[in-house]
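Only one structure is covered here, and it is reproduced in the block below.
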Amino acid sequence: MPETSLAPESSPAPAPAHWKRNVALFLSGQTVSLFGSMVVQYVVMWYVTLETKSGLAIALYAVCAFAPQGVVSIFGGVLADRMNRKTLTIIADAGIAAATLVLALLMLNGITELWVILLAVAVRSFGAGVQTPTVQAIIPQIVPADQLMRVNGMFQTISSAMALLAPAVAAAIYAGFGVVPVFFLDVITAVLGIGLLTLVAVPTLDRATETTTTYRQDLVEGMQYIWTHRIVRWLLLVFAIIFMLTVAPSFVTPLMVARTFGSEKWMLAVLEIAFSVGMLLGGALISTWLAKRSRIGLILISTFSFAILTVALGLSTNLWVFYGFMFLFGLAVPLFSTPFMTLIQETVEPEKHGRVFSYVGIVMALATPIGMVVFGPLADVLSVQTLLIVAGLVTIAVMIVAIMVPSGQAAIAAARATSSPVAEGQAAEEPLAAPSYI
1 MPETSLAPES
11 SPAPAPAHWK
21 RNVALFLSGQ
31 TVSLFGSMVV
41 QYVVMWYVTL
51 ETKSGLAIAL
61 YAVCAFAPQG
71 VVSIFGGVLA
81 DRMNRKTLTI
91 IADAGIAAAT
101 LVLALLMLNG
111 ITELWVILLA
121 VAVRSFGAGV
131 QTPTVQAIIP
141 QIVPADQLMR
151 VNGMFQTISS
161 AMALLAPAVA
171 AAIYAGFGVV
181 PVFFLDVITA
191 VLGIGLLTLV
201 AVPTLDRATE
211 TTTTYRQDLV
221 EGMQYIWTHR
231 IVRWLLLVFA
241 IIFMLTVAPS
251 FVTPLMVART
261 FGSEKWMLAV
271 LEIAFSVGML
281 LGGALISTWL
291 AKRSRIGLIL
301 ISTFSFAILT
311 VALGLSTNLW
321 VFYGFMFLFG
331 LAVPLFSTPF
341 MTLIQETVEP
351 EKHGRVFSYV
361 GIVMALATPI
371 GMVVFGPLAD
381 VLSVQTLLIV
391 AGLVTIAVMI
401 VAIMVPSGQA
411 AIAAARATSS
421 PVAEGQAAEE
431 PLAAPSYI
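So in the numbering used here, spot 99 of the sequence shown is number 99, and the numbers just go up one at a time.
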């Protein structure tokens with residue numbers, strides 16, 4: 001089967017009308033919604049960790065949080081290419097909020113069993129499987145091509161800022177009022193986020209109104225497209241390696257803190273804050289100074305940074321040194337995720353964005369629980385430190401192979417060849433101002 005073209009063949013489209021207003025509204029709405037979701041994520045993770053101190057329980061949480069997202073992403077991406085993406089995002093966000101509200105009401109009535117919480121986490125994951133690829137597909141619809149790296153970096157910076165604020169808010173609410181009020185906060189932020197999104201103009205793609213193919217045909221076409229697109233195929237391989245061998249073990253870092261340094265809530269909160277401060281700084285760098293750097297170069301540097309820092313976390317014997325490495329780990333995240341998403345947005349045709357990002361979501365959602373199926377139970381047998389060291393060393397070895405094989409060399413060369421003008425250091429025609437929050 002011949003390989004697909006590595007970039008859309010059509011000439012660059014003019015900037016979408018009122019794109020700065022739409023970007024500001026979109027980022028604002030996603031920020032509000034993301035903040036509530038992050039607060040819930042931290043509190044549920046801490047609740048499971050502190051109540052059970054079990055690697056198996058944390059593994060079950062990871063499976064429930066990611067596996068359903070992977071399953072439904074298959075269909076979520078197809079829907080994103082068939083429906084108006086704004087409408088689909090609103091439906092998914094509302095469904096997640098409804099599941100959270102039901103969990104809050106159940107816990108208010110004394111139903112606090114672990115399986116109930118995990119079931120709610122799984123339902124939220126189903127909603128994320130639709131929402132995540134759809135949101136990523138909306139961005140190139142409302143952003144000029146020469147501003148994608150900057151807007152993606154800005155989105156990452158804002159997300160990191162919320163990730164910095166969320167654990168502090170989560171710890172304060174959890175310590176002072178318990179777990180249930182956090183769920184009500186998530187419902188409120190979801191409503192606000194949906195309200196802001198309704199103000200964003202997101203056109204329906206021609207394909208979404210004219211399509212005559214079946215869902216099965218769309219799924220098969222998406223798989224064939226990825227398989228014959230050397231850049232996307234190789235990027236998904238790297239994505240899977242990172243999520244299976246470094247992201248999955250990172251889920252047991254709170255367990256290492258609880259077992260080695262203490263089980264006080266502030267220790268877990270500082271762990272997340274250190275990571276989030278790093279992400280915030282990394283997002284700021286990628287949206288400004290590093291916006292003109294090679295996408296594939298940043299991906300390779302950050303990938304090996306993940307591996308080295310995973311080993312360093314395992315070797316840490318001091319809590320504050322551990323926090324320092326988590327800060328650096330967070331710093332590397334935007335240097336990987338932003339150029340990764342930008343490369344896909346730049347080299348994939350708009351009418352295929354939903355399906356391609358759905359497969360990105362599948363890899364993300366399935367690689368993490370697969371890794372946790374191994375690392376979670378092992379954390380009850382071996383030390384977390386040993387697991388982190390082994391995971392980091394294996395990541396280095398696997399990535400060297402992935403880079404040295406001919407397909408890896410071809411993908412890297414193709415990615416460099418398809419760099420946008422911004423990536424080559426040319427100034428964009430119209431600089432992007434920081435979004436004004438509504």
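All residues carry an ideal CB built from backbone N, CA and C; glycine is no exception.
| Asked | Found |
| --- | --- |
| The stretch 305-320 touching the stretch 88-107, judged by at least three CB pairs closer than 8 Å | no |
| Close-in-space but distant-in-sequence residues of the same chain around ILE173 (CB under 6 Å, 5 per side omitted) | PRO181 and VAL182 |
| Sequence-distant residues of the same chain with beta carbon closer than 7 Å to GLU51, five excluded per side | none |
| Short Cβ contact (7 Å threshold) for ARG416 with THR342 | no |
| Own chain partners of TYR323 with C-beta closer than 7 Å, once the 5 adjacent residues on each side are dropped | VAL270, LEU271 and ALA274 |
| With 16 other Cβ atoms within 10 Å as the buried cut-off, status of PHE327 | buried |
| Secondary structure of MET223, DSSP reduced to three states | helix |
| Through-space distance from GLU264 to MET364, alpha-carbon basis | 30 Å |
| Inter-residue spacing [alpha-carbon to alpha-carbon] between SER305 and LEU164 | 21 Å |
| Rounded straight-line distance, which links the Cα of LYS20 to that of PHE375 | 44 Å |
| Proximity to ALA128 [Cα-Cα], best of GLY70, PHE26 and ILE344 | GLY70 |
| ILE111 classed as buried or exposed, judged by whether at least 16 other C-beta atoms fall within 10 angstroms | exposed |
| Backbone secondary structure at MET83 - three-state DSSP | coil |
| Reference ARG233; option with closest CA among LEU88, PHE340 and HIS18 | PHE340 |
| Straight-line gap, VAL78 to HIS229 (C-alpha atoms, nearest Å) | 18 Å |
| Closest Cα partner of ILE398 within the set PRO350, PHE239, PHE329 and VAL257 | In the sequence as displayed, the identity of residue 398 is Val instead of Ile. Closest option to VAL398, Cα to Cα, is PHE239. |
| CA nearest to the CA of ASP81, picked from LEU388, MET267, SER33 and VAL202 | VAL202 |
| Cutoff 6 Å; reference ALA367; Cβ partners in own chain excluding five residues on either side | ALA240, PHE243 and MET244 |
| Endpoints, the alpha helix (DSSP H) within which GLN345 is located | 319-347 |
| Cβ contact check for the stretch 379-391 and the stretch 151-165: 3 or more pairs under 8 Å | no |
| Beta-carbon contacts of LEU34 that lie in its chain and below 7 Å, excluding the five residues immediately before and after | SER159 and MET162 |
| Status (buried if at least 16 other CB within 10 Å, exposed otherwise) for GLY195 | exposed |
| Whether LEU199 touches LEU25 by CB criterion (7 Å) | yes |
| MET279: first and last residue of the uninterrupted alpha helix (DSSP H) it sits in | 265-287 |
| Beta-carbon proximity list for HIS18, same chain, < 8 Å, skipping 5 on both sides | ALA201 |
| ALA92 versus GLY153: straight-line alpha-carbon distance, rounded | 24 Å |
| Terminal residues of the alpha helix (DSSP H) in which TRP256 lies | Checking the sequence shown, residue 256 turns out to be Met, not Trp. Looking at the DSSP string, the run of the alpha helix (DSSP H) that includes MET256 is 253-256. |
| Nearest candidate by alpha-carbon position, reference ALA166, set ILE344, TYR42, THR338 and ILE138 | TYR42 |
| CA nearest to the CA of GLN224, picked from ARG355, VAL257, THR347 and GLY76 | ARG355 |
| Inter-residue Cα distance where the pair is TYR437 and PRO406 | Bear in mind that the predicted position of TYR437 carries a pLDDT of just 25, short of 50, making it too unreliable to give a figure here. |
| Short Cβ contact (7 Å threshold) for GLN156 with GLY283 | yes |
| Neighbour-count burial assignment, ASN22, 16 or more Cβ in a 10 Å radius | buried |
| C-beta contact flag for VAL311 and THR189 at 7 Å | no |
| Alpha helix (DSSP H) segment containing ASP186, residue limits | 180-197 |
| Residues near THR303 in its chain [Cβ-Cβ closer than 7 Å; skip 5 each side] | VAL238, ILE242, PHE336 and MET399 |
| Helix, strand or coil at ASP93 according to DSSP, with G and I counted as helix | helix |
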